[in-house]
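Structure first, then comments.
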Amino acid sequence: MDKQTTSALLYLDGITVSFDGFKALNELSFIIEPGEMRAIIGPNGAGKTTMMDVVTGKTRPDSGDVFFEEGTYDLSKLDETEIAALGIGRKFQKPTVFEMHTVEDNLLLALKNDRRVRATLLWQSSAEQEGRIDAILDTIRLKGVRSRVAGSLSHGQKQWLEIGMLLAQEPKLLLVDEPVAGMTDAETRATAELLKEINATKTVIVVEHDMTFVRDLGVKVTCLHEGSVLAEGTIDQVSQNERVVEVYLGR
Amino acid sequence: MSNAFPLTRLLDRGSTIFLVLLGAFAIAIPVLNLIVPAGSSLHVSTYLVALFGKYICYAMLALSIDLIWGYAGILSLGHGAFFALGGYAMGMYLMRQIGTRGVYANPILPDFMVFLNWKELPFFWYGFNHFAYAALMILLVPGLLAFVFGWFAFRSRVTGVYLSIITQAMTYALMLGFFRNNFGFGGNNGLTDFKDILGFNVQAETTRNALLAISCLALAMSFLICRAIVTSKFGKVLVAIRDAEARTRFLGYRVEAYKLFVFTLSACMAGVAGALYVPQVGIINPSEFAPANSIEAVIWVAVGGRGTLTGAVLGAFVVNYAKTYFTSGALAAYWLFALGGLFIAVTLLLPRGIVGTLKYGFDRRAAAKSLAAEAGADAELAPTDAAPRAAE
């Protein structure tokens, strides 16, 4: 397929992925405009994580198109490393920080920089990089624990550190998988604020089960079911959709 | 960050102590052997000099394994192959130095080739009469094999136990090859009966002491190279790969390139260790490729403590000293039981190894101190430690 004519940052069209006959994604299509924040909801097995796997290059679609940046890049032809280099960052469902590294080393590794072997061998710390790390530590409110080993952080702190690592990569598009799972109400609210802050400069896709949190975000919502889009619109529109109530929200 | 000045980055307290001890060892042993008279209780016998030289080479092999296993999580159970290849390259040089002093007095062909009725030198033996060429091959042959092997393995994302198994297969295949007479490396008997190295008699006391000192120097340099790597940002990426490979990939690091670099470097290091080993033990034969040898080397690292570098060296010394002690007396028959028991004991009681356990203790004390200081200063900055409620 040639270059697409679309204004979308992320363009998914007719994506199908099947595992041993089970269709994890079934003709999934949606687009994300630059600067948008989108919440993706849906029951377990709806294909939310598989969708992220397709976008980040972990899984190749059986059919369909995935384009990034107004159709410039065909993501189905690139691997994880190349896609990360294009500016797509991902936060996993289970917080995966580098447990043996300190908080600031985690950020250092994530910091946008030359990722090649030679560059990291000859790397020297610089005031500019330290400044960037400091700024991120402020944003994610972890300055006080910067030299602690990431493995010793609380669950909520790890989630935030991972969001910080996403920021450090300076991606154009952030994929955030269940950022508030296991957080207290106060932390959940703070995380919604943090994501809104991030959305001021970046495009964000959030996958989340917590409906209060999605409401707090106040953005366009896409509900997935059995690998395709069931409903799309504001949170109120989607939560009043009969099919959504039936398969996901419950009565 | 603390790594502003390269030298302080390289030499933390443990590394400095290690290098000082190694330097003292490299000087003291030759002094005690050559200068202190044989009757003195302080005299070190030439047998011990050769034995320590051997240990130092083993320590270097252990160091090379620790670099890839301890830091990058690549468990090679075939590292003995690179050690043996370096050893064979050195052995080939030493064979060519024998010249007419061999049993058959052939100026070109080593004895085993004359015995096999070969008329001319195989092409892959060309150049080995020059030390510089042999030295190059000592680095190049193990390095190239590791590069090709790693290129395929890491690109296909072979990890964990599968990688360990194919490294075993690699060393086993090489062993079978080298056992064959027509392979051109002396078959079963390998290469032996060396006369001199760079014009010095390999059997002479002074040569043995010099080889010990050179081995210590090589170990020190390897150690510094390893330190430079593990304390760099590259080293942080390695640890990241070890602990969460997929995550590192999603951060945009080319994981296979990192693994390939460190694996190849480690193989070169093992090759040098093998090359220094051969003149000190006086023989290299295919049994060096035996899978059990590679596994034993991994045990040294586990005992000393993986991911500590100094632990690998200590482990190689401790286990090999125990081996020498056990196998030279009435207890010889029980050595394998002792080795197996040691491995089980370390796994159960000291999973971090000797140095790893010590380090962990120090780190915890330091962490407790800084935590106490932190609690006073910026407790209110950190988010509350949430008691995670069940998410799904």
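First to last, the sequence lines map onto chains A and B. The numbers in the numbering used here rise by one with no breaks, and the one at position 179 of the first sequence is 179. The numbers in the numbering used here rise by one with no breaks, and the one at position 318 of the second sequence is 1318. Idealized CB from N, CA, C, for every residue including glycine.
With C-beta atoms as the reference, is Lys266(A) less than 8 Å away from Thr203(A)?
Chain A is shown from 1 up to 251; residue 266(A) falls before or after that span and cannot be answered.
Could you tell me the distance, in whole angstroms, from the CA atom of Ala1386(B) to the CA atom of Leu1007(B)?
Reliability fails at Ala1386(B), whose pLDDT of 40 lies under 50, so the model's placement of it is uncertain and no value is given.
Beta-carbon contacts of Asp216(A) that lie in its chain and below 8 Å, excluding the five residues immediately before and after
Thr188, Arg189, Ala192
Could you check how far apart the C-beta atoms of Asn1033(B) and Asn1209(B) are, in whole angstroms? I think they sit under 8 Å.
6 Å
What are the start and end residues of each continuous beta strand (DSSP E) run of 3 or more residues lying completely inside the stretch 1059-1119 of chain B, in chain order?
none
Residue environment, Met1095(B), which counts as buried when at least 16 other CB atoms sit within 10 Å
buried
What does DSSP give as the partner residue(s) for Leu25(A) in the beta ladder?
Val17(A)
May I ask which residues mark the beginning and end of the alpha helix (DSSP H) holding His155(A)?
155-168
Within the same chain, show all residues whose beta-carbon is closer than 7 Å to that of Gly35(A), passing over the 5 residues directly before and after it, in chain order.
Thr203
Under 8 Å by Cβ, that's how I've got Leu25(A) and Ile15(A) pegged, so tell me the actual separation to the nearest angstrom.
5 Å
Pull up the DSSP beta-bridge partners for Phe1124(B), would you.
Partner(s): none; Phe1124(B) has no beta bridge.
Determine whether the beta carbon atoms of Val1301(B) and Ile1108(B) lie at a separation below 8 Å.
no
Quick one: what does DSSP say Gly1208(B) is sitting in, helix, strand or coil?
At residue 1208(B) the sequence reads Arg, which differs from the Gly that was named. Three-state result, Arg1208(B): helix.
Cα-Cα separation between Phe1343(B) and Leu1048(B), rounded to whole angstroms:
26 Å
Using the Cβ count rule (16 or more neighbours within 10 Å means buried), how would you classify Lys94(A)?
exposed
Cα-Cα, which of Gly1329(B), Asp1363(B), Ile1295(B) is closest to Thr1167(B)?
Ile1295(B)
Would you be able to state if there are at least three C-beta pairs under 8 Å between the stretch 1237-1256 of chain B and the stretch 1077-1087 of chain B?
no
Per-residue burial, Leu12(A) [other beta carbons within 10 Å of its own, 16 or more giving buried]
buried
Using 8 Å as the Cβ pair cut-off and three pairs as the minimum, do the stretch 176-184 of chain A and the stretch 118-138 of chain A touch?
no
At 8 Å on the CB atoms, spell out the chain B contacts of Val117(A), in chain order.
Phe1234, Arg1254, Ala1257, Tyr1258, Phe1261
Say the cut is 7 Å; is the CB of Pro1037(B) nearer than that to a heavy atom of the ligand PLP?
The ligand PLP is not among the ligands present in this structure, which contains no ligands whatsoever.
Give a yes or no on whether the minimum CB-CB distance between Asp105(A) and chain B is below 8 Å.
yes
For a contact defined as C-beta to C-beta under 9 Å, what are the partners of Gln169(A) on chain B?
Leu1251, Gly1252
Taking 8 Å as the cut-off, decide whether the C-beta atoms of Thr1231(B) and Arg1009(B) are in contact.
yes
Output yes or no for whether 8 Å exceeds the beta carbon distance between Met1269(B) and Met1060(B).
yes
Could you tell me the distance, in whole angstroms, from the CA atom of Gly47(A) to the CA atom of Leu224(A)?
7 Å
Sequence-distant residues of the same chain with beta carbon closer than 7 Å to Met1001(B), five excluded per side
Per-residue confidence for Met1001(B) stands at a pLDDT of 43, beneath the threshold of 50, marking its modelled position as unreliable; the derived number appears in the next sentence. Nothing meets the Cβ criterion.
What number of angstroms, rounded off, separates the C-alpha of Asn113(A) from the C-alpha of Ala150(A)?
21 Å
Hey, is Phe68(A)'s beta-carbon within less than 8 Å of any beta-carbon in chain B?
no
Spatially closest choice to Ile163(A) from Thr184(A), Asn199(A), Glu130(A), Gln129(A), by CA coordinates
Asn199(A)
If we ignore side chains and look at the alpha-carbon of each, how far apart do Gln129(A) and Ala119(A) end up?
14 Å
Let's see if you can read the secondary structure: which residues bound the alpha helix (DSSP H) around Glu1245(B)?
1245-1250
Where the stretch 1214-1246 of chain B meets chain A: residues whose CB sits under 9 Å from a CB there
Ala1228, Ile1229, Ser1232, Lys1233, Phe1234, Gly1235, Lys1236, Val1237, Val1239, Ala1240, Arg1242, Asp1243, Ala1244, Ala1246
When the cut-off is 8 Å and only beta carbons count, does Glu36(A) lie next to chain B?
no
Relative to the C-alpha of Tyr1360(B), which candidate in Gly1311(B), Leu1339(B), Gly1143(B), Ile1074(B) has its C-alpha closest?
Gly1311(B)
If you measure from the beta carbon of Phe213(A) to each beta carbon in chain B, is any gap under 8 Å?
no
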